[in-house]
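So for the sequence shown, this note's numbering puts the first residue at 4; every next one is plus one. Don't be surprised by glycine CBs; every beta carbon is placed ideally from N, CA and C. Please read all numbers here as calculations on a predicted model, not as lab measurements. Written out below as structure tokens is the structure these notes cover.
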Amino acid sequence: MTITQQTTAVALVTGANRGLGLATARLLGESGATVLLGARNAAKAEIAAAELRDEGLECWPLSLDVESAASIAEAAERVERDFGRLDILVNNAGILPEATTPGALQPLDIELFRRTFETNVFGAAAVSQAFLPLLRASEAGRIVNVSSRMGSLADQLDPTSPYASMVVPAYQTSKAALNGLTVALAKSLGDTPVRVNSVCPGWVQTDLGGPDNRAAAPTTAHDAARTVVEMAFIPADGPTGTFVDLDGPVPW
Ligand SMILES: NC(=O)c1ccc[n+]([C@@H]2O[C@H](COP(=O)([O-])OP(=O)(O)OC[C@H]3O[C@@H](n4cnc5c(N)ncnc54)[C@H](OP(=O)(O)O)[C@@H]3O)[C@@H](O)[C@H]2O)c1
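Next comes the structure, spelled out in structure tokens:
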């Protein structure tokens, strides 16, 4: 399915109250999906969902802090009770505190490492686990992990790559670990219709990485969301356990 086609899927996007998550939720909604906008702040989830509902989209707020086991369990129960299904999970919630923490690298800030992994890795793993029963029950379950080329070890080791000079270890290793989760889930779900892939959305005009990012980044959240949504709508014989960006496969 391409994103110009209409779908009746039920989709959940984590961290959907702003940035790429909100743009992804909008695009999924424009494709006809019923979209659950996950946000750790319930009021922000409600505001974001109301914004998309005002645009005529079928969107609902979902209180979901990916760092809280209780919040995740409650959200999964609510989705099962109120919607009875989930077809698409976009693990989008992510943080990059290193970019706004002076001196985080000298020495390595282990607390910041833990915080980054808590959201970017354990959050995605815990949310995936909680929603797997519904995704397995779907005819076309899809998990899209919003990763980054910053997590590509191949890029980091390639002196000709524009990513080679970037050093944000907690973020980079968290996205490499998220990619590992993609591969592991894809393999363990290999005998099911569920497809699991990592996507790099490009360098996107959002607040991630601090106040200067929006002006410096070349890609709008709307354009970046297309890459994410394309992987959410891959067909039954589409790829699983891959890492892609706008231009195609990304080296691990
Ligand atoms: N921007 C880029 O250039 C770029 C490039 C590659 C990959 N990415 C990835 O894209 C994803 C979205 O980033 P973005 O650029 O849209 O950043 P953003 O504007 O900073 O948005 C991050 C989102 O994650 C949410 N979040 C953080 N911790 C959470 C938690 N514990 N529970 C639930 N939600 C949580 C935030 O919620 P609050 O509003 O409550 O903080 C916010 O909605 C991230 O995974 C990021 O790594 C971004």
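Contact check for residue 139 and residue 232: beta-carbon distance about 22 angstroms, past the 8 angstroms limit, so the pair fails to qualify. With a minimum length of 4 residues, the unbroken runs of alpha helix (DSSP H) contained wholly in the segment 193–248 fall at 216–219 and 224–235.
When beta bridges are read from the DSSP output, residue 255 appears opposite no residue. Contact between residue 28 and residue 91 does not hold, since their C-beta atoms are separated by about 11 angstroms, which reaches or exceeds 8 angstroms.
At least one heavy atom of ligand 1 is found less than 7 angstroms from the C-beta of residue 22. For residue 79, the shortest C-beta to heavy atom distance toward ligand 1 is 7 angstroms or greater. Setting aside the 5 residues that flank it on each side, residue 13 is surrounded in the same chain by 37, 86, 88, 89 and 90, each with a C-beta closer than 6 angstroms to its C-beta; the list follows chain order. Taking the Cα of residue 30 as reference, the smallest distance to any Cα among 224, 247, 82 and 45 is reached at 224.
Between residue 173 and the set 213, 20 and 108, the nearest pair of CA atoms involves 108. Classified as exposed, residue 113 has fewer than 16 neighbouring CB atoms from the shown chains inside 10 Å of its CB. Boundaries for residue 27: no beta strand (DSSP E) harbours it, while the alpha helix (DSSP H) harbouring it runs 22–33, taken from the DSSP string.
By the criterion of a C-beta distance shorter than 7 angstroms, residue 190 is surrounded in its chain by 244, once the five residues flanking it on both sides are discounted. In this structure, residue 135 keeps its C-beta atom at 8 angstroms or more from the C-beta atom of residue 83. Short note on residue 203: C-beta closer than 7 angstroms to some heavy atom of ligand 1. Taking 8 angstroms as the cut-off, the Cβ atoms of residue 248 and residue 202 count as close. Here the distance from the Cβ of residue 114 to the nearest heavy atom of ligand 1 is not below 7 angstroms. Counting along the chain, residue 64 sits inside the beta strand (DSSP E) bounded by residues 62–66. When beta bridges are read from the DSSP output, residue 41 appears opposite 65. In the three-state reduction of the DSSP assignment, residue 111 falls in the coil class, being assigned neither a helical nor a strand state. Measuring C-alpha to C-alpha distances from residue 67 to each of 230, 130, 242 and 103 identifies 130 as the nearest. Setting aside the 5 residues that flank it on each side, residue 228 is surrounded in the same chain by 23, 26, 27, 29, 30 and 204, each with a C-beta closer than 8 angstroms to its C-beta; the list follows chain order. Exclusion of the five residues before and after residue 218 leaves no residue of its chain whose Cβ lies closer than 7 angstroms to its Cβ. In this structure, ligand 1 has a non-hydrogen atom nearer than 7 angstroms to the beta-carbon of residue 206. Placement of the Cβ of residue 232 at a distance of 7 angstroms or more from every heavy atom of ligand 1 is found.
Under the 10 Å beta carbon count, residue 211 is surrounded by 16 or more other beta carbons and is classified as buried. Under the criterion of beta carbons closer than 8 angstroms, residue 64 and residue 49 qualify as touching, at roughly 5 angstroms.
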